[in-house]
Structure formats: structure tokens, C-alpha cells
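Everything on this sheet refers to the single structure shown next.
Protein chains: 2
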Amino acid sequence: MLAGGSSWPARATARLLCIMSAASTDDSPNKVSANPLPTAEYFAEYGQLYDHVGMLQDEQRMTAYHDAIKLNAERHFKGKVVLDLGAGTGVLSIWAAQAGAKHVYAVEATDVATHAEKMAEAHGFGSVITVLRGRMEELELPCKVDVLLSEWMGYFLLRESMVQSVLLARDRWLAPGGVMYPSSARLLVAALDDPPFVPSRHSEVERHVADWDVLASDMSTRYGLSLQALAPAWRAEQEQYTFRQAWQGLVPESAGIGEPQVLLDVDMGTVQNDELFGWSSTVQISEATPETPVTALVGWFDVRFCAGLPEGAEGCVTLDTSPTAAPTHWAHTTVPLQPPLTTPTVGVRLTQSTRSHHDLNLTLSYDAGAPPERVGASFAITAEFRGTHARSGEAGVAPADGFAYDDDAA
Amino acid sequence: MLAGGSSWPARATARLLCIMSAASTDDSPNKVSANPLPTAEYFAEYGQLYDHVGMLQDEQRMTAYHDAIKLNAERHFKGKVVLDLGAGTGVLSIWAAQAGAKHVYAVEATDVATHAEKMAEAHGFGSVITVLRGRMEELELPCKVDVLLSEWMGYFLLRESMVQSVLLARDRWLAPGGVMYPSSARLLVAALDDPPFVPSRHSEVERHVADWDVLASDMSTRYGLSLQALAPAWRAEQEQYTFRQAWQGLVPESAGIGEPQVLLDVDMGTVQNDELFGWSSTVQISEATPETPVTALVGWFDVRFCAGLPEGAEGCVTLDTSPTAAPTHWAHTTVPLQPPLTTPTVGVRLTQSTRSHHDLNLTLSYDAGAPPERVGASFAITAEFRGTHARSGEAGVAPADGFAYDDDAA
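Chains as they are written, first to last, in my numbering: chain G, 190 to 599; chain F, 190 to 599.
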């Protein structure tokens, strides 16, 4: 679906741009993805300006993209055709245009597309930036592109599964020799040293169990009901909620972070879908011993903008969301380990949620110590998991709740 | 879908129960509803015990159903076949069994069905109560029933649209002469006298507009971006959010409530779907004059359990969720009127949301005063609208937030 005729250039104009570009659309493989299309529920997360404020306020995010584009203006953008996938308010498109892009296709599925059009006009790029409203999977571009620019990262790198739309766009629309922004991505985990997190979770379970006893007593007195029949189910449900949901929030730099372990390290130019989702591997958490059990892991990601450059070269920019870096709106993903981890080997499996392919399931498997007992714990990583804030909160980097890091968690 | 063979009685047993009952299933019209089936997203609101605590703690709700069933045990339940639609933890089924029901079919679509089975067993009614796991629309009962018992009410009476499943079950499974629990329902509105609510909303909008200016200034300084281009859109979005969403929370008895006006008054034995959804009418808010503008309306409902009884008779029970009654977990639905109402006539239209048929759209139309200007304001009534609490809050009757009734709002 396109947002009105005005946002789609006349075919002749589009063709002209394409003839000047590296490739035309004619040899597009038109590959049909087996992945589900992004849903209306997912897009609703980004359909209002309000939903974009936290991202605009995220200085690490903004500066990384800004610097990467500006530093490589001559190298990658000048005179080139750019695809900005998930353009939002159009900031990346504007920077690409400022960097000299010949034309920018800004693809945005939500109502925010109209705001991106206004922004393009306000910056004098009404004729350089074409906003295409719709799902990437259902759009045709008039030509292939030289640069695929996208801010697709979610919690734990892959939440949202937006990267699947990026890979599809890459395979279909990126010209040979075209570059990806970002160019690589890593997913990391580390032991979290003795977080106040875990004991407070145990207290929380016991408090809820006590609440049930009070409720059951009331129900018995008032209505002759025996709610104690459900007490074991209630406890199980509380433990499930308390220990099997990831917590999304800022782990302060002052928290003791173990040696980071890389779970994924991928080149965005070549990575395939099954390298990102549905994989299993093992990771060594060397801090975990029977004497020093590990009660939580923390996960984060970094992405690099180093297309065609050696690591560390001028123009090579990193966006790092580690607990030891400056905070971002992605914060960190913490999972409590109950029982604690007493041996270093942890099996890790990451899959898309069967309930929503935008959400993730992280399954950790490990020996719980002597006598050996294999434990498997599966964590939900969703937009609504513990610690994320509903609209009623202030915009910006989310403060922590439920995690007893009071001092510097914001 | 049925939850295992054990929860579905052998056909022979079920048939025996039916032969002793008033009617068999053979003359069921098997009417197919044009309404959409309840969705997994809707059922997820009730899939855990946690989701039921607030309802169990709601003394007005519990006592009304308890008293209605106990007072009419001889009249309506003894030896009868009962359908408990949306059984949850099975409390109503147990009360029906205690009141002498010959058999109770407890229909529950969520995992909570297994808890209802445990509860039935724990109360000694394992053979009287049959828990059927599934959507009412997709289940076959072995026979017609004498009583249709259901707690189907949502915010503003009709949110959730669960009543549609009740009407479908009534038309399909209620035997001639069978009774509905509740037997009637009303939806009411009244002027809310000078609530602190509305001025605080104006301040909220202005605060957000000021926040945008700060953000725009930051973006300009840091990245040369002109975010002021979106300032009008930002203000419009804030006004939309602030003044066009209903607020769900307790309006204290101390608030000045105008003369209640009845929007709906329906007999549950005969009401049709189109009398509940998709109607338009007018209501007179006599308090509204140019000298005394009304800045908010508040809505609520009551239901009665008076099947076959004259109003006020012994056995006739009312569940009243008015601001002047004791608080319930439904609280009240308040809509700010911006501009204020200065003339008494208000057009009212209630429809199911096009985005989710479980949600409601309430559209109010009125003259905004001299010079006459017709205003139409549409309010979303959803599970997630302003003032409702996410899981992180305490269970029970929700305290108010965002509404400046500090003293006695809980």
C-alpha cells in the first residue's frame, strides 16, 4: 500500500534515477520469503510520534548512525541510491540526503510515514527522499540500491525480527557491491555478579504465596470456597513469572559484569536467516563454580558500521549497548538463573516465539550441580516483558523497576 | 477443542442427564453467528490465575452472584442443568452445584480450565461439574440447559464483547423457560461535576508540547535536524491521546455525580446483538448550560438477577457499579469533554472497535455552544486504556492514576 500518489514518483522519474544507478530491477530474483509478514500489532509499537521519542533521545544510537553516515559521505553516499528501511520520522534518510545521496527511498509501514514526508520537505529534500508507505515485503522499488540503511535492532539484538525484512530487502534490492548500514552485529552475554535481583525475586514469590493464603482465607469465610486447592498452581505460576521472564532494564556499569561471551557475530552482507533464529550453541561462563554460583546472565549487542573498511579505520563506527558503555534505550536483557549456575557450560537456544514471531524465546540449559541435574529454563523476550514501561511512563531511556539497582539505574 | 477426554463425560452419561432435563439438543437451531470468534489475544487476558485475583477480591461482584444463586437455589438451581459460560476458576459452577444443580457445564477457553477442574474436585463436585475447555461457539453440549450463568460484563458494560458469546449460547442451548443469570443489564452515564481531571489534562498536553521543544532544540544542536516541522503533529497527537481516550478508574463517591441517564436497559432473555452494539441515541445532560459547562461524563453499569421475579422481590439481587455504590474492579469509565458541553443534548454511538471487536468506540456528538459548532469526539474503550494497570501493579481494585482524586480513589 502506498501513501498517496505524491509520495511515489512518476514512473519516468524513477526510471531515470535507476538508469543512472548501478543496477536495474529487472534481474531482481523476486524471492518470496517463507517468513511471516510483520503484523499490525507489531507496527502499532511505532505508529505514533510518541513511540519515536525514546529513540530520538537515545544519544548513543543517534550519534552512531549520524557519525557513520557523515564520516562515509564521500565513500558510500555521494551520488548513490539509498534504501532506508523502517524510516520512522525519516532522520536517517535526511542524513543520507545531507551526505549527498542521489535518491533515498524511505520505507515506513506506519502512519509516521506522513511525518517523514514533512521532515523531508522541511529539510529541503522533498525531491530527494521518496517516502514509501507499506511493508517492505510488499513494495516494489524502481531500481536496486547502493546502500541499505536501517535501524532494525530490538531487545537482545533480534527482538522484533525486523532483521528478516532487512535480509529480504538486501537479497532483493541491494546492488552487487552495495553496502549495509550497519555492516555487522554481535550478540553477547556475561555473568552478572551477585545481583540483588535474585533474592528479591524469591521474596516476591513468597509474598505472592502469602497473598494467596489471605485470599483463600477470605473466600472460605465469605463464601465457603476452598481456594487452597489452587495454592500449588498459584506458586508454580508465580515462579514461572518471576524466574522465567527476562528483565529488560539498565544494568549499571557498577554491577559486576563477567567476561563477555559472543553468541553471534555476523556480517550483515552475508548472514542468513537461520544463522540468526533457531540456532543452538554452547557458551562458557567461566565464573560459574560450585563455590561461586552465578545467579543471573545479562545480554546485550553491538553493531558496527565498517562496510569495506578494516576494523578501527577512520569511518568505522560502533554502537555498543554493553553495560560498560553509555546507556541506550535498548538497556540490557537480564535472566535470573534459578537454580544458580555452578558449572561453566550453558546450552543456548534462540527461537522466534510461536505466539508472535516478533518475540523471542531464549532457552538456557545447564547442570545444576551435584548431584548432576540438568535444568532447562526458557525465557520470553517480548515488548511487554518485565521492566519495560507502558506509555504512562516518561519517554526516554527507561528507568529500572523491579531490579534493586536504585542508585544509577537511570 | 476439549481439554482431554476426562473432562468430557461419556456420551451415555451425558445423554442420561439430558433425558432427565427439560429439553434435548435435537431441536437446537445450530444458528451460526456472524460475529467474529473471541481471539487468542482476548483469552490471554484471563489465562493465568493472576488475572482472576482481582475478580475474586471484588466483594460486590462475588456477593451479588453468591447471593443470587443461594437465594434462588430452590427456585432455579435444584435439579437443574446449568451452563457456566466463561467459568474461570469455577466459582459460579461450584455455587450452582452447592445450590443443588443436577449438572453444571463449565465452559472455559483458557488454561484456567484445569484449575476449575481442580476446584470442582476439591469441593466434591467432580461428577456434577463438567469442565469443557474451548470456545462456546465451537462446543456442542449434550443437551439444553435450564440456567445460563455467566459473568460476562466488561468495562462500560460491553467491553470484551463476551456478551455476544452469551447471546449465542442462549439462543442455541437455553431450554424454553430457562433463566439467565444475570437477567437484565443497564448502561448509564452522568455528568461529573468539575473534575480536577480536565485541567490536569490540559497541563499534561502543554508539558508534552514543551518536552518536544526541548527535544527539537537538542536535535538541532547535536545533529542539525529540524524537528520543529513535526511540532503541530506532536501537539495533535498529544491532544488526541489526552482527550480522546476514556479513563478507567474509580470515581469516588465524593465526586459530584449528576442525574444518571440510562443508555441501555435490556432483558438478557430477549436482547439482540444489534441492541447492544452499533446503536445511536441521544441523552439529555440537564446540568450542561453555558453558565455551567460540563467537562466530563462518567459511565457505569448495573446488572440484576431477578429472573421471573418482580423487581424488589426476595431473591432479586443487583450488582451496581455506580460511583455512589461500593467500588468494584470495573471501576468507572470517564470521558473528558473538550470542548466542554454547554447544551444538554448529546448524541451517543457505541460500536465495536474495528481494530479489535473486544474493544469499544464511544462517539459523543454535541453543540459546543455559541456560535453553534457541532463537535464529535470518539473515545477508545480498551483493555489498555488510560488508568488500567499492567501486571506489575498490585492485584485487586485498581487504584487511580492520572486522575487527581488523591484521597479516596482506592
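Beta carbons are placed, not taken as given, at the ideal position from N, Cα and C, and that holds for glycine. Predicted model, so just to flag it, every value in this text is computed and none were measured.
For PRO528 of chain G, the enclosing beta strand (DSSP E) stretches over residues 521-530. If you ignore the 5 residues before and after LEU376 of chain F, its C-beta comes within less than 6 Å of the C-beta of LEU346, LEU452, LEU453, PHE490, all in its own chain and listed in chain order. Nearest neighbour of ALA374 of chain F by Cα position, chosen from F:HIS312, F:LYS307, F:TRP341, turns out to be F:TRP341.
The beta carbon of MET251 of chain F sits closer than 6 Å to no other beta carbon from its chain once the five residues preceding and following it are set aside. Sorting G:ALA358, G:THR459, G:LEU553, G:GLY565 by C-alpha distance to the C-alpha of ALA496 of chain G places G:THR459 at the top. Closer than 8 Å to the CB of TYR344 of chain F there is not a single CB belonging to chain G. Taken atom to atom, the span from the alpha-carbon of ALA295 of chain G to that of LEU508 of chain G is near 22 Å. Sequence-distant partners of LEU404 of chain G (beyond 5 residues in either direction) whose C-beta falls short of 8 Å from its own C-beta, in its chain, are LEU416. Within the segment 306-330 of chain F, LYS307, MET308, GLU310, ALA311, HIS312 place their CB atoms closer than 8 Å to a CB of chain G, listed in sequence order. Residues of the segment 286-304 of chain G with a Cβ closer than 7 Å to any Cβ of chain F, in chain order: HIS304. Within the segment 221-253 of chain G, those residues whose Cβ lies closer than 9 Å to any Cβ of chain F are, in chain order, ALA229, GLU230, ALA233, GLN237, LEU238, TYR239, VAL242, LEU245, GLN246, GLU248, MET251, THR252.
Distances from the CA of PRO528 of chain F to each of F:LEU539, F:GLY504, F:ALA477 were compared; the closest alpha carbon is that of F:ALA477. Here VAL564 of chain F carries a strand assignment [DSSP, helix/strand/coil]. Of the candidates F:TYR344, F:GLU248, F:ASP335, F:GLY277, F:GLU248 places its Cα closest to the Cα of ASP407 of chain G. By a beta-carbon distance limit of 8 Å, LYS269 of chain F contacts ALA290 of chain F. Their separation comes to about 6 Å. Within the model, the alpha-carbon separation for ASP456 of chain G versus VAL317 of chain G is close to 29 Å. Taking 8 Å as the cut-off, the beta carbon of GLU297 of chain G is found closer than this to the beta carbon of ALA305 of chain G. The beta carbons of GLY367 of chain G and VAL301 of chain G sit no closer together than 8 Å. Under the DSSP assignment, VAL271 of chain F falls in the beta strand (DSSP E) whose first and last residues are 270-274.
Contact annotation: VAL524 of chain G and ALA435 of chain G have beta-carbon atoms nearer than 8 Å. If you look at TYR370 of chain G, you'll find it in the beta strand (DSSP E) that goes 363-370. Close to chain G, meaning a Cβ-Cβ distance shorter than 8 Å, is no residue of the segment 433-454 of chain F at all. Closest in alpha carbon position to PHE314 of chain F, among F:VAL271, F:PRO331, F:LEU330, F:HIS292, is F:HIS292.
Taking 8 Å as the CB threshold, TRP341 of chain G stays off the interface with chain F. Interface annotation, MET408 of chain F: in contact with chain G, CB-CB separation under 8 Å.
At least one CB of chain F lies nearer than 8 Å to the CB of HIS255 of chain G.
DSSP, reduced to helix, strand and coil, places ALA420 of chain G within a helical segment of the structure shown. Ranked by how close their Cα comes to the Cα of GLY445 of chain F, the residues F:PRO479, F:GLN427, F:VAL483 have F:VAL483 in first place. Contact between VAL355 of chain G and VAL472 of chain G fails: their C-beta atoms lie close to 25 Å from each other, not under 8 Å. Chain G places no beta carbon closer than 8 Å to that of VAL535 of chain F, leaving this residue out of the contacts. Within 10 angstroms of the beta-carbon of TRP401 of chain G lie 16 or more other beta-carbons, which makes it buried. If the five residues before and after ASN550 of chain F are omitted, its C-beta is found closer than 6 Å to the C-beta atoms of THR540, SER542, SER567, all from its own chain and listed in chain order.
For TRP401 of chain G, the uninterrupted alpha helix (DSSP H) run begins and ends at 386-412, by DSSP. Selection F:THR517, F:GLU503, F:PHE494 evaluated against GLU442 of chain F yields F:THR517 as nearest (Cα-Cα). Sixteen is the threshold: when 16 or more other Cβ atoms of the shown chains lie within 10 Å of the Cβ of GLY343 of chain F, as they do, the residue is buried.
Comparing C-alpha distances from ASN224 of chain F to each of F:ASN462, F:PRO499, F:ALA485, F:ASP556 shows the shortest one belongs to F:ASN462.
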